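The structure appears right after this line, and notes come after that.
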Amino acid sequence: MTQPIDIISGALKDIGALAGGETPTSDSAQDALNMLNGLIDQWSNESMMVSYKTEIVFPITPGTTQYTIGPGGTVGAVFTGSISGNTLTVTSIQSGAIALGQTLAGTGIANGTTITAFGTGAGNNVNEAGTYVLNISQTVASTSINAYYQRPLAIQSSFVRINTNSNGVPIINGGLDYPVAVLNLENYEMIGLKTLNGPWPKALYYQPSDPLGNLYVWPNPSQGEMHIFADTLFTRYMTLYDNIVLPQGYELALRWCLAERLLPMYGKTDQVTLGMIAKFAADSKATLKRTNMRPIQASTFSDALLVGRQKDAGWILTGGFLR
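Numbering (the numbering used here), first residue to last: 27 to 349.
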């Protein structure tokens with residue numbers, strides 16, 4: 027498996043700072059690692075460099091309009107589980123919901139351990155025990171584990187899942203999803219009564235403060251399960267020997283883009299080399315962006331604007347029978 031030292035050594039050879047078979051000194055390797063982490067931090071701000079969206083799932087606390095996202099925040103999960111190899115086995119959940127992209131913290135758990143896939147755990151409902159796949163292989167005896175999301179830079183979209191109707195009766199087949207509007211600060215400020223009571227959230231405002239992001243929902247909800255979508259953040263590498271887990275094509279893109287950033291540090295001025303590395307770096311990023319490009323969202327219109335529409339049962343898709 028590729029490690030940061032492999033990408034760093036390759037980039038230094040690409041710019042002629044190392045010969046074949048040579049290895050970087052500890053100081054030059056650390057300088058390059060710092061540059062590599064700065065590079066992936068920048069990629070986290072480029073939406074089309076992100077391969078997938080993180081779905082942040084958490085149950086609504088009745089009467090609560092403000093939540094925090096990040097290490098130690100209120101959005102996350104607390105559960106009992108154990109780890110064997112790359113498999114997390116959850117036996118009971120004390121609070122919250124488990125989902126992809128969460129970072130784990132607890133006694134004996136390696137730094138940077140995240141959930142990368144579902145096993146037998148469904149993951150999209152609250153209180154789902156079962157197995158989950160982790161990015162780092164390790165062995166941890168049964169213990170209390172905190173799972174949290176990295177603070178997102180922005181929220182792209184959201185919906186709320188309603189599992190019971192107004193009379194408290196469970197909805198067949200897992201409930202209905204209603205869109206939640208994502209407001210900017212100016213629109214949120216225009217809401218006169220921010221503590222207005224309501225059945226579930228219809229809008230949210232996200233403040234990406236540091237170290238915890240603040241999430242405000244409106245109106246003041248009595249039920250619901252929030253599903254929020256944000257660009258996934260690239261994980262910084264703590265050491266030169268961390269395992270790199272990225273989709274196909276990213277390792278080479280990191281190598282060429284790192285080589286481009288290291289050129290000034292090593293005083294390289296050869297125009298042929300500069301042009302070649304700049305082209306390879308640009309082409310590798312362009313390839314990833316084409317892969318990550320999202321389809322254009324289809325236009326939607328209110329039924330009232332559609333003339334001569336044949337009657338059908340499509341109103342069920344909007345949850346209209348709860349209105």
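The C-beta atom is built at its ideal place from N, Cα and C for all residues, glycine as well.
Computed from a prediction, not measured in an experiment: that's the story for all the values here.
At least 8 angstroms separates the beta-carbon of A45 from that of A285. Per DSSP, the beta-bridge partners of L230 are V208, V243. Within the same chain, I41 come within 6 angstroms of K294 by CB-CB distance, once the 5 residues on both sides are set aside.
Secondary structure within the stretch 73–126: the beta strand (DSSP E) runs of 3 or more consecutive residues, fully enclosed, are 79–85, 92–95, 102–122 (chain order). Rounded to whole angstroms, the Cβ separation of N161 and T142 is 5 angstroms, and the two are in contact under 8 angstroms.
Under the 10 Å beta carbon count, G107 is surrounded by 16 or more other beta carbons and is classified as buried. Within the model, the alpha-carbon separation for F105 versus K305 is close to 48 angstroms. Every unbroken stretch of the beta strand (DSSP E) spanning 3 or more residues and falling wholly within the stretch 247–326 is given here in chain order: 251–257.
Comparing C-alpha distances from I34 to each of L300, C283, D296, R316 shows the shortest one belongs to C283. By a beta-carbon distance limit of 8 angstroms, G239 contacts P178. Their separation comes to about 6 angstroms. Excluding the 5 residues flanking it on each side, G224 has same chain C-beta neighbours closer than 7 angstroms at P245, N246, P247, in chain order.
Comparing alpha-carbon positions, the option among S183, P30, I82 lying closest to L230 turns out to be S183. Taking C-beta atoms as the reference points, D268 and P30 count as a pair closer than 8 angstroms. Excluding sequence positions up to five before and after A155, its CB lies within less than 7 angstroms of the CB of V116, T117, S118, I119, G147, all in the same chain and listed in chain order. With fewer than 16 other CB atoms across the displayed protein chains lying within 10 angstroms of its CB, P205 is exposed. Ranked by Cα distance from K315, the options A136, Q128, M75, Y175 are led by M75. In the three-state scheme derived from DSSP, where H, G and I count as helix and E and B as strand, G156 is classed as strand. Proximity of the stretch 264–280 to the stretch 85–99 falls short of the contact definition, fewer than three beta-carbon pairs being nearer than 8 angstroms.
Assignment of Y174 by DSSP, reduced to helix, strand and coil, places it in the strand class. Going by C-alpha positions, T139 is about 8 angstroms away from A131. Within the same chain, no residue comes within 7 angstroms of A324 by CB-CB distance, once the 5 residues on both sides are set aside. At a Cβ-Cβ threshold of 8 angstroms, L114 and T157 count as neighbours. Rounded to the nearest whole angstrom, the C-alpha separation of D296 and T100 is 53 angstroms. If you check the CB distance, G201 and P227 do not come in under 8 angstroms. Counting only the Cα atoms, E81 lies some 12 angstroms from V186. Nearest C-alpha to Y214 among Y292, D203, L241, S235: L241. Residue environment: I322 is assigned as exposed (fewer than 16 neighbouring CB atoms within 10 Å of its CB, all protein chains considered).
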